[in-house]
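Down below is the structure, laid out as structure tokens.
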Amino acid sequence: MNTILASRASSPSGPPSSESRSVTLQFDDNALLAQLFGEFDRHLSLLEKQAGVKLSSRGNRLTISGNPDRTEVAESALRSLWRGLERGDGCTIAQVEAALRMAEGDGEPRLPLRDLPQIRTRKGAIAPRSPAQAAYMDILSRHEISFGLGPAGTGKTYLAVAQGVALLLSGQVERIVLSRPAVEAGERLGFLPGDMKEKVDPYLRPLYDALNDMLPGDQLARRMTAGEIEIAPLAFMRGRTLAHCFAILDEAQNTTGPQMKMFLTRLGEGSRMVITGDTTQIDLPPGTPSGLVEASRILEGVPGIGFMRFAETDVVRHPLVGKIVTAYGRADSEHAPAKKRHWNGADAGPK
Numbered sequence: 039m040n041t042i043l044a045s046r047a048s049s050p051s052g053p054p055s056s057e058s059r060s061v062t063l064q065f066d067d068n069a070l071l072a073q074l075f076g077e078f079d080r081h082l083s084l085l086e087k088q089a090g091v092k093l094s095s096r097g098n099r100l101t102i103s104g105n106p107d108r109t110e111v112a113e114s115a116l117r118s119l120w121r122g123l124e125r126g127d128g129c130t131i132a133q134v135e136a137a138l139r140m141a142e143g144d145g146e147p148r149l150p151l152r153d154l155p156q157i158r159t160r161k162g163a164i165a166p167r168s169p170a171q172a173a174y175m176d177i178l179s180r181h182e183i184s185f186g187l188g189p190a191g192t193g194k195t196y197l198a199v200a201q202g203v204a205l206l207l208s209g210q211v212e213r214i215v216l217s218r219p220a221v222e223a224g225e226r227l228g229f230l231p232g233d234m235k236e237k238v239d240p241y242l243r244p245l246y247d248a249l250n251d252m253l254p255g256d257q258l259a260r261r262m263t264a265g266e267i268e269i270a271p272l273a274f275m276r277g278r279t280l281a282h283c284f285a286i287l288d289e290a291q292n293t294t295g296p297q298m299k300m301f302l303t304r305l306g307e308g309s310r311m312v313i314t315g316d317t318t319q320i321d322l323p324p325g326t327p328s329g330l331v332e333a334s335r336i337l338e339g340v341p342g343i344g345f346m347r348f349a350e351t352d353v354v355r356h357p358l359v360g361k362i363v364t365a366y367g368r369a370d371s372e373h374a375p376a377k378k379r380h381w382n383g384a385d386a387g388p389k
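Each number in the numbering used here corresponds to the 1-based position in the sequence shown with 38 added.
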């Protein structure tokens, strides 16, 4: 792909905001161009709407017109998508949205594409889909203990599993240990039949889903049988030392303070840990402090420990998920004073 024309024009009598820019891109592969545009040009329509520009195509040329900053965002997103197509990555609505998020930067400094971190697994490279994910991937690569905190759909667990798989395949760790507190989300499931693995499998399903995305099914089964990928219920972690492994504690908002301390102190030689959770979805009994909230307060600033806090705007799942998270966050803020009065009253019982 080549940029064949870049022109800038502004209204002589208008304010600086009336300045406009036009860039024309030329593409050299019509088959890939069809994927870039999407069925019925749906990808172009999305780019126009979210970037706030005008796109017009003629043959294998695409012209971007609009505010200079917005034109730059659209151009950057299109170039990123085209490079992905040339690598064989394909182009979907989700990838278009990811390219726009990366080009926008959400007010953060933009990284040159060559400097963006990537996690390489056997199924290919996993690249960040938002500036926050890029920062998180950098934290995962540089810290022995990393915390990923934020709402559902930000990729905090998925990227942690991807980093673990990459280190396992490269021989930098000998095994992956997956752990999660067995706390029901507002329901009582009662007695669960089967052995220990079968009992905790329902709680660890999201981790399995991520592993299945990164390893062929037969290889995943073989590595689990060999103990290279281990399921370790949090309740049974006491007394262990996790050496030369990549340990993930998911849904950590549902740990108690003692459980969190116990898990963190399992760290052994040559190991790394990632703790993920969403402090807005705590399922502990009322009045029980969350170990994740406590740890994030106590350990902030400790050398060797990295924190990534995702926001509602970092959700990369279905666009509606971000809107749902935002709506619930707004509702929680509006009801926070009433909740505080309720709990103060409940705690002010007989002395």
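All C-beta atoms in this analysis are idealised placements derived from N, C-alpha and C, irrespective of residue type, glycine included.
Exercise for the section: Report all residues from its chain with a CB closer than 6 Å to the CB of Arg158; omit the five preceding and five following residues, and keep chain order. Expected result: Closer than 6 Å at the Cβ level, and outside the excluded window around Arg158, lie Ala204.
Exercise for the section: Could you check which residue in Pro219, Tyr246, Pro169, Ile102 has the C-alpha nearest to that of Ala290? Expected result: Pro219
Handout entry: Where the alpha helix (DSSP H) containing Phe301 begins and where it ends
Key = 295 to 302
Handout entry: Residues near Val211 in its chain [Cβ-Cβ closer than 8 Å; skip 5 each side]
Key = Gly202, Leu205, His282, Cys283, Phe284, Gly308, Ser309, Arg310
Handout entry: Ile131, DSSP secondary structure in three states
Key = helix
Practice task
Could you give the DSSP three-state label for Ser168: helix, strand or coil?
Solution key: DSSP places Ser168 in coil when its eight states are reduced to three.
Practice task
Kindly indicate the opening and closing residues of the beta strand (DSSP E) around Arg310.
Solution key: 310 to 315
Problem - Outcome for Ile131 when other beta-carbon atoms lying within 10 angstroms are tallied against a minimum of 16 - result: exposed
Problem - Stretch-stretch touch, CB-based, cutoff 8 Å, three pairs: the stretch 329 to 341 with the stretch 172 to 180 - result: Inter-segment contact for the stretch 329 to 341 and the stretch 172 to 180 is absent: fewer than three beta-carbon pairs are separated by less than 8 Å.
Problem - Gly104 and Ala115 closer than 9 Å at C-beta - result: Taking 9 Å as the Cβ cut-off, Gly104 and Ala115 do not qualify as a contacting pair.
Problem - Same chain, Cβ closer than 8 Å to Leu85, five either side skipped, listed in chain order - result: Val91, Leu93, Ala112, Ala115, Leu116, Val134, Leu138
Handout entry: DSSP state of Met346 mapped onto helix, strand, coil
Key = strand
Handout entry: Distance, Arg80 Cα to Leu71 Cα
Key = 13 Å
Exercise for the section: Work out the CA separation of Asp321 and Ser20 for me, nearest whole Å. Expected result: Outside the displayed range of the chain (39 to 389) lies residue 20, so it cannot be described from this structure.
Problem - 6 Å CB neighbourhood of Ile183 in its chain, flanking five on each side removed - result: Met311, Ile343
Problem - Proximity below 9 Å, CB of Ser208 to CB of Leu272 - result: no
Practice task
Would you tell me roughly how many angstroms separate the C-alpha atoms of Pro296 and Thr303, rounded to the nearest one?
Solution key: Straight-line spacing of the CA atoms in Pro296 and Thr303 works out to 11 Å.
Practice task
Could you check if Ala172 is buried or exposed, using at least 16 other CB atoms within 10 Å of its CB as the buried criterion?
Solution key: buried
Problem - For Phe65, the three-state DSSP class (helix, strand or coil) - result: coil
Practice task
Less than 8 Å between the CB atoms is what I'm expecting for Ala170 and Thr195, so what's the real figure, rounded?
Solution key: Actually they do not touch by this definition, with Cβ atoms about 14 Å apart.
Handout entry: Residue range of the alpha helix (DSSP H) that includes Glu110
Key = 106 to 125 is the extent of the alpha helix (DSSP H) around Glu110.
Handout entry: Endpoints, beta strand (DSSP E) assigned at Arg278
Key = Element bounds for Arg278: n/a, residue is neither H nor E.
Practice task
Count the other CB atoms, across all protein chains shown, that sit within 10 Å of the CB of Pro147; report buried if there are 16 or more and exposed otherwise.
Solution key: In this prediction, Pro147 scores a pLDDT of 40, lower than 50, which makes its location untrustworthy; the coordinate-derived value is nonetheless stated afterwards. Result: exposed.
Handout entry: For Arg218, three-class secondary structure by DSSP
Key = coil
Problem - Residues that Lys92 bridges to, as DSSP identifies them - result: Ser103
Exercise for the section: Express the C-alpha separation of Thr62 and Pro106 in angstroms, rounding to a whole number. Expected result: 13 Å
Exercise for the section: Kindly list the residues whose CB is nearer than 6 Å to the CB of Trp381, restricted to its own chain and excluding five residues on each side of it in sequence; keep chain order. Expected result: Because Trp381 carries a pLDDT of 40, less than 50, the predicted location of this residue cannot be relied on, and no value is offered for it.
Handout entry: Beta-carbon proximity list for Ala369, same chain, < 6 Å, skipping 5 on both sides
Key = none
Handout entry: Option nearest Val215 by Cα separation, candidates Arg243, Leu287, Gly367, Tyr174
Key = Ranking Arg243, Leu287, Gly367, Tyr174 by Cα distance to Val215 puts Leu287 first.
Problem - Length of the line joining the Cα atoms of Arg96 and Gln257 - result: Each residue's Cα considered, the two are about 47 Å apart.
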